[in-house]
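Engineer: First residue of the sequence shown: 429, per the working numbering; consecutive thereafter.
From the three backbone atoms N, C-alpha and C, an ideal C-beta is built for every residue, glycine too.
Keep in mind it's a predicted model, so treat the numbers as computed, not measured.
Structure in structure tokens, see below.
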Amino acid sequence: MQQNLMLISDEFEMMHSFLNDAKDRATDEMVRTLVRQVRNMALDVEDCIEYVVLVDIKSHWNWWRRLLPRALCMLAAAPAEPLDDAVSALELLKSRVEAMGQRNQRYRQIGGSSSTHTEEKTPQQAVTDPTVAGGILIEAREAKKRQGSPSDLVELIKKKEHVLPLQVISLWGATGDLGVTSIIKKTLDSPEICSKFSCRAWVKLTKRFNPHEFIRTLMAQFHTNCCPQQGSTIDFLKQVEEIMGMDRERLTEEFVKQVSENRYIIFLEDLSSSVDWEATVRAYLPDKNNGSCVVVHTQQLQVASLVVGQSHRVLELEQFSADHSVCVFFNEKRSSPRDLIELISMKDKPLQVISMCGEVGDLKVEMARIIEKAYDRNPEICKNFRYRAWVKLMQPLIPREFIQRLLAQFCANYCPRHGSAEDFLKLKGVEMVTEDALIKEFVKQVMSDKRYLVFLEDVSSANGWDAVREYLPDKTNGSCIFVHTQLSEVASSCVGQSHRELELLSANLSLRVFFQRGMYENH
């Protein structure tokens, strides 16, 4: 009986562990049935163990009772439970446990093939879903054909060198990692990258992220790639060894100092999930608004898009076979010009409408440099846009007042060096017209054959935009209208359905900018 009791006790312990482990993962019907049977069996086992222990205690009590005085035995006597019942209960329970084990083994063999197939298939789908991956690959190759650039990762990073916030770019191979290592090495060793980023590192991530080792590896590579090896190799190795031997506190202080004072570029290889990115890696790479860059390589398509952000684009970097290319994901909003002037096309195109959402703030300074007659600062603007105006919209909109302010701005900002006396007299003549119907017609005639650049401040609704738009002719001569609003829905409706969005960021300006698709790419 003692041997059976030990066996049943061990079985009870395993049942308890099984139930604790399976309670949050019982999603399959067969597993639910097994959990229920094991739970019931565990209750029976627990009752049986208590029963046997109680019988054993009472049997010991009967032995001590023979040694006690007769009077005490009469007071403490208790009816003895038959030991045979306990032995029978243990034998029955042992048989039930063995039968349950054999039964589960039998049904596991029946359902094992489908279960194993499902478990193996899910990770495979997470890595590469052929349908989704094929669609992304087609999109990336078509984008490469349309734009033709960037030709490599170095060129893409160079395009974004004037962007101050931390940029995140991700690399993904359509059917594997072929070509990724060579792309990273070529980029890291590029003289242009070396000159723009004083701190450079390439780290292969492990499954168990260790923050201290991560920082230590980055610091060692920063030193190796940044500092010229002056003196002997031994001295250089001693410097690296000193970094590797720093305690946690000092190492962290040095790391924060390096990434705060210097522009850095870091390549992270084999990022496995977006959770790892947000909870571990990303927390140790601060955005110091100094134009730093992080390039992430991942085998997971979803991770490649998530780490970059919602408004992203995908391009083919290099094709290795018919079904394999290395693609790059980057945030479309980050690919922005340095200032407002770069948004304005100097070519004869349809009317450009550019809307901006955000506070006016330093925008007034930026626009004043463009609108005012400052041929010494922006001669191309003066030469290409004869009529320039800044008009703040009042509510409610009174057409006559709007036109008068528009004409007054045209006259005030007219540049005689690039204009003519005849044009200027036309403007002054229209200013003198008093009839509303005539002034509207004259304004359209005067503006129809000349490029104009108009900045509309505080457009509060789509209806307000439509009302003003009536007085600004739509000609294919490269004229441009800037619309400023506090509402993103108004900003997008002014531009039209087919538009792109980016962030215009500089030391003193931060705006969301909406413009017609294709306008900036072909600029």
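Could you check the C-alpha separation between Arg953 and Asn891 for me, to the nearest Å?
Structural biologist: In the structure as shown, the chain starts at 429 and stops at 951, and residue 953 therefore has no counterpart that could be examined.
Engineer: Would you mind stating whether His752 and Ala527 have Cβ atoms separated by less than 9 Å?
Structural biologist: Here the question's residue 752 lines up with position 324 in the sequence shown. Here the question's residue 527 lines up with position 99 in the sequence shown. No, they are not a contact pair.
Engineer: Exposed or buried, which one is Ala505 when buried takes at least 16 other CB atoms within 10 Å?
Structural biologist: Numbered from its first residue, the sequence shown carries residue 505 at position 77. The predicted position of Ala505 is uncertain, since its pLDDT is 46 and thus under 50; a value taken from the coordinates is nonetheless stated next. Classification of Ala505: exposed, given that the 10 Å Cβ count is below 16.
Engineer: Should Glu952 be labelled buried (16 or more other beta-carbon atoms within 10 Å of its own) or exposed?
Structural biologist: Look at the range of the chain in this structure, 429 to 951, and you will see that residue 952 is not part of it.
Engineer: When you compare each of Phe852, Ala648, Asn717 and Glu677 to Val596 by their alpha carbons, which one comes out closest?
Structural biologist: Start at 1 with the first residue of the sequence shown, and residue 596 comes out as number 168. Checking every option, the nearest Cα to that of Val596 belongs to Asn717.
Engineer: What would DSSP say about Leu734, mapped onto helix, strand or coil?
Structural biologist: Against the sequence shown, residue 734 aligns to sequence position 306. Note: Leu734 maps to helix in three-state DSSP.
Engineer: Once you ignore the five residues that flank Arg524 on each side, which residues in its own chain have a CB closer than 8 Å to its CB?
Structural biologist: Reading the sequence shown from its first residue, position 96 is the one you call residue 524. So the list reads Met469 and Asp472, once near-sequence residues are dropped.
Engineer: I need the straight-line Cα distance from Tyr379 to Ser888, nearest angstrom please.
Structural biologist: Outside the displayed range of the chain (429 to 951) lies residue 379, so it cannot be described from this structure.
Engineer: Enumerate in chain order the residues of its own chain whose CB-to-CB distance from Arg628 is below 8 Å, with the five nearest sequence positions on each side excluded.
Structural biologist: Translated into positions along the sequence shown, residue 628 becomes position 200. The answer, listed in chain order, is Leu616, Ile621, Cys622, Gln649, Phe650, Asn653, Cys654, Tyr692, Ile693 and Ile694.
Engineer: On the DSSP letters alone, give me the boundaries of the beta strand (DSSP E) that Gln780 sits inside.
Structural biologist: Within the sequence shown, residue 780 is the residue found at index 352, counting from 1. From DSSP, the beta strand (DSSP E) with Gln780 extends over Gln780 to Cys785.
Engineer: Alpha carbon to alpha carbon, how far is Met875 from Leu779? Give it in angstroms, no decimals.
Structural biologist: Taking the sequence shown and counting its residues from 1, one reaches residue 779 at position 351. Taking the sequence shown and counting its residues from 1, one reaches residue 875 at position 447. Distance between the alpha carbons of Leu779 and Met875: 12 Å.
Engineer: Locate the alpha helix (DSSP H) running through Ile612, then write down its first and last residues.
Structural biologist: For the purposes of this step, residue 612 is taken as residue 184 along the sequence shown, with counting starting at 1. Ile612 -> alpha helix (DSSP H) spans Val608 to Leu616.
Engineer: For Thr726, count the other beta carbons within 10 Å of its own beta carbon; 16 or more makes it buried, fewer makes it exposed. Which is it?
Structural biologist: Mapped onto the sequence shown, residue 726 falls at position 298. Burial call: buried.
Engineer: Is there contact here, the stretch 879-886 with the stretch 806-825, by at least three beta-carbon pairs under 8 Å?
Structural biologist: Contact holds: three or more Cβ-Cβ distances are below 8 Å.
Engineer: Is the Cβ-Cβ distance between Ser598 and Val781 less than 9 Å?
Structural biologist: Here residue 598 refers to the residue found at position 170 when the sequence shown is read from its first residue. Here residue 781 refers to the residue found at position 353 when the sequence shown is read from its first residue. Not a contact, by the Cβ cut-off of 9 Å.
Engineer: Taking the continuous beta strand (DSSP E) assigned at Val742, which residues delimit it?
Structural biologist: As a first step, residue 742 must be located in the sequence shown, where it is residue number 314. Start and end: His740 to Gln747.
Engineer: Report, in whole angstroms, the separation of the C-beta atoms of Leu855 and Phe830, which I expect to be a contact under 8 Å.
Structural biologist: For the purposes of this step, residue 855 is taken as the residue at position 427 of the sequence shown. For the purposes of this step, residue 830 is taken as the residue at position 402 of the sequence shown. Contact doesn't hold; Cβ gap of about 16 Å is too wide.
Engineer: Confirm, please, whether the CB-CB distance from Ile612 to Val723 is below 9 Å.
Structural biologist: Position 295 of the sequence shown, counted from the first residue, corresponds to residue 723. Position 184 of the sequence shown, counted from the first residue, corresponds to residue 612. Yes, the Cβ-Cβ distance between Val723 and Ile612 is below 9 Å.
Engineer: Starting from Asn759, follow its DSSP beta bridges and name the residues at the other end.
Structural biologist: By one-based count along the sequence shown, residue 759 stands at place 331. Its beta-bridge partners are His740.
Engineer: Based on Cα-Cα distance, which residue from Arg574, Glu746 and Gly847 lies nearest to Lys811?
Structural biologist: Stepping through the sequence shown from its first residue, residue 811 is reached at position 383. Answer by Cα proximity: Gly847.
Engineer: Please classify Arg644 as buried or exposed, where buried requires at least 16 neighbouring CB atoms within 10 angstroms.
Structural biologist: If you number the sequence shown from 1, residue 644 lands on position 216. Burial call: buried.
Engineer: Val668 to Ser720, Cα distance in whole Å?
Structural biologist: Taking the first residue of the sequence shown as 1, we reach residue 668 at position 240. Taking the first residue of the sequence shown as 1, we reach residue 720 at position 292. Rounded to whole angstroms, Val668 to Ser720 spans 23 Å at the Cα level.
Engineer: Tell me the rounded alpha-carbon separation between His740 and Arg569.
Structural biologist: Walking along the sequence shown from the start, residue 740 turns up at place 312. Walking along the sequence shown from the start, residue 569 turns up at place 141. Their Cα atoms are separated by approximately 15 Å.
Engineer: With 16 as the cutoff for other CB atoms within 10 Å, does Ala732 come out buried or exposed?
Structural biologist: Residue mapping note: residue 732 aligns to position 304 of the sequence shown, counting from 1. Classification for Ala732: buried.
Engineer: Roughly how many angstroms separate the alpha carbons of Glu567 and Pro593, rounded to a whole number?
Structural biologist: What you label residue 567 is simply residue 139 of the sequence shown in a count that begins at 1. What you label residue 593 is simply residue 165 of the sequence shown in a count that begins at 1. So the alpha carbons of these two residues sit roughly 27 Å apart.
Engineer: By alpha-carbon positions, which one of Val858, Val742 and Trp893 ends up nearest to Gln832?
Structural biologist: Here residue 832 refers to the residue found at position 404 when the sequence shown is read from its first residue. Measuring from the Cα of Gln832, the nearest candidate turns out to be Val858.
Engineer: Just to confirm, are Lys614 and Leu581 a CB contact at a threshold of 9 Å?
Structural biologist: Mapped onto the sequence shown, residue 614 falls at position 186. Mapped onto the sequence shown, residue 581 falls at position 153. Contact: yes.
Engineer: Could you tell me the alpha carbon to alpha carbon distance between Glu677 and Trp630, rounded to whole angstroms?
Structural biologist: The sequence position of residue 677 within the sequence shown is 249, counting from 1. The sequence position of residue 630 within the sequence shown is 202, counting from 1. So the alpha carbons of these two residues sit roughly 23 Å apart.
Engineer: Between the Cα of Leu713 and the Cα atoms of Ala561, Gly737 and Thr680, which residue gives the shortest distance?
Structural biologist: One-based indexing of the sequence shown puts residue 713 at position 285. Looking at the Cα atoms, Thr680 is the closest of the given residues.
Engineer: Name the one or two DSSP bridge partners that Ala817 has.
Structural biologist: Start at 1 with the first residue of the sequence shown, and residue 817 comes out as number 389. Answer by DSSP bridge pairing, in chain order: Val882.
Engineer: Does DSSP classify Cys622 as helix, strand or coil?
Structural biologist: Residue mapping note: residue 622 aligns to position 194 of the sequence shown, counting from 1. DSSP places Cys622 in helix when its eight states are reduced to three.
Engineer: Please report the straight-line C-alpha distance between Arg828 and Ile769, rounded to a whole angstrom.
Structural biologist: Here residue 828 corresponds to residue number 400 of the sequence shown, with the count starting at 1. Here residue 769 corresponds to residue number 341 of the sequence shown, with the count starting at 1. When rounded, the distance between both Cα atoms is 30 Å.
Engineer: Determine which residues share a DSSP beta bridge with His912 and list them.
Structural biologist: Locating residue 912 in the sequence shown gives position 484, where the first residue counts as 1. His912 pairs with Met784.
Engineer: Would DSSP call Val957 helix, strand or coil?
Structural biologist: With the chain running from 429 to 951 in the structure shown, residue 957 is simply not present.
Engineer: Compute the distance between the beta-carbons of Phe813 and Arg879, then report whether it is under 9 Å.
Structural biologist: Numbered from 1 along the sequence shown, position 385 holds the residue referred to as residue 813. Numbered from 1 along the sequence shown, position 451 holds the residue referred to as residue 879. It is a contact, given that the beta carbons lie within the stated cut-off.
Engineer: May I ask you to report which of helix, strand or coil DSSP gives Cys843?
Structural biologist: The sequence position of residue 843 within the sequence shown is 415, counting from 1. Coil.
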